[in-house]
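According to this note's numbering, the sequence shown is numbered sequentially starting from 27.
Positions of the beta carbon are idealized from the N, C-alpha and C atoms, including for glycine.
Data block below; observations after.
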Amino acid sequence: MANKVKNTALVTSVKKVTEDVFSMWLKDEEIAKMAKPGQFVSLYSASGDKLLPRPISICEIDAKEGLLRLVYRVVGEGTKEFSKLNVGDSIAIMGPLGNGFTLMGTKAILIGGGIGIPPMLELSKQLGIETQIVLGYRDGDTFLSNEFAKYGTVYLATDDGSVGTNGNVIDAIKENQLEADIIYACGPTPMLKGIQSYALEHNITAQLSLEEKMACGVGACLACVCKSKEVDGHSHVHNKRVCKDGPVFDAREVTL
């Protein structure tokens with residue numbers, strides 16, 4: 027894991043993207059300078075009865091201006107509190123946390139599903155290779171899709187068929203006959219499991235960013251372990267801590 031710090035960040039922008047998805051820019055020069063695509067930060071509630079921080083993936087990094095963009099869905103009291111912050115407010119933040127993506131390959135398929143889409147935006151900016159971007163949504167509320175267009179060719183898939191391919195991201199890859207030597211993906215476990223099988227079947231290297239419920243965010247509480255194919259040298263069992271060993275893993279490394 028990279029070096030991490032705990033700071034007080036300044037809120038510079040809060041915007042409602044959809045009914046329950048919000049975009050927030052925070053100014054923290056130290057964390058922005060260290061952050062990499064695929065890493066996350068932990069945000070702390072101002073309320074004393076919410077002791078554990080909320081892990082949120084980094085959507086964009088502006089190291090020059092010392093800014094981080096977080097795009098998150100309101101799913102509980104903690105994220106609801108963050109959505110009500112105003113420009114000029116401050117918030118406790120720890121980061122950058124976890125291990126991000128390793129930039130590699132010559133032609134990529136970049137895949138995001140649901141709230142796994144935001145962390146793929148910074149990756150798409152930094153890849154610098156031919157990139158095909160496949161985004162999966164439940165319906166036509168395709169948040170962030172326009173922002174990806176400048177970094178590659180975008181293909182959409184929706185569960186209800188209202189936009190793009192009617193089906194999931196694998197259906198979109200097959201329908202558009204996409205090929206690559208590297209796959210990067212973030213999203214719900216069933217989606218990642220399908221991508222893992224597809225990558226192994228087609229002998230394509232894949233890096234998967236796992237979404238798991240985290241508590242401490244630093245590998246201490248073991249609340250976010252996943253099954254690994256190799257015995258972990260720390261715990262001596264077939265486990266990996268998603269927050270500390272991940273959230274990005276080689277597809278051949280984990281059992282989903």
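Tell me the rounded alpha-carbon separation between residue i and residue j.
i	j	result
VAL268	GLU156	29 angstroms
THR44	GLU148	20 angstroms
SER188	ALA198	14 angstroms
GLY102	GLU173	27 angstroms
LEU94	THR215	26 angstroms
ALA232	GLY140	19 angstroms
ASP61	GLY193	Reading off the sequence shown, one finds Ala at residue 61, where the question assumed Asp. Their backbone Cα atoms lie some 34 angstroms apart in a straight line.
CYS85	SER49	9 angstroms
SER83	SER254	22 angstroms
GLY126	ASP276	11 angstroms
Using a 10 Å radius around the Cβ and a threshold of 16 neighbouring Cβ atoms, would you call residue i buried or exposed?
i	result
THR132	exposed
PHE270	One detail in the question is off: residue 270 reads as Lys in this sequence, not Phe. With 16 or more other Cβ atoms within 10 Å, it is buried.
THR294	The question about residue 294 has no answer, for the chain in this structure spans 27 to 282.
ASP54	buried
GLU237	buried
GLY166	exposed
VAL31	exposed
ALA134	buried
GLY74	exposed
SER235	buried
VAL251	buried
LYS266	buried
SER150	buried
For residue i, collect the residues of the same chain with a Cβ closer than 6 angstroms to its Cβ; drop the 5 residues on either side in sequence, then sort them by chain order.
i	result
SER39	TRP51
MET27	For MET27, the predicted structure reports a pLDDT of 49, less than 50, and the residue's modelled location is therefore unreliable. A value from the coordinates is still provided. So the list reads LYS270, once near-sequence residues are dropped.
ASN202	TYR181
THR191	ALA183, ASP197, ALA198, GLU201
ASP185	ARG164
Please list, in chain order, all residues of the same chain as residue i whose beta carbon is under 7 angstroms from its beta carbon, the five residues on each side excluded.
i	result
VAL180	ILE159, LEU161, SER171, PHE174
PRO79	SER68, LEU69, TYR70, MET120, GLY243
LEU129	GLN152, LEU153
VAL257	VAL263, HIS264
ILE87	ALA58, ALA61, LEU94, GLU148
On the DSSP bridge assignment, give the partners of residue i in chain order.
i	result
LEU136	ILE159, TYR210
ARG95	TRP51, GLU86
LYS266	CYS252
GLY121	VAL31
Looking only at its chain, what residues have a beta carbon closer than 8 angstroms to the beta carbon of residue i, apart from the 5 residues adjacent to it on each side?
i	result
ALA206	GLY131, LYS133, ALA134, ILE135, GLN158, ILE230
GLY114	LEU36, VAL37
Q: Decide if the stretch 31 to 51 is in contact with the stretch 119 to 128; the criterion is three or more beta carbon pairs, one per stretch, under 8 angstroms apart.
A: yes
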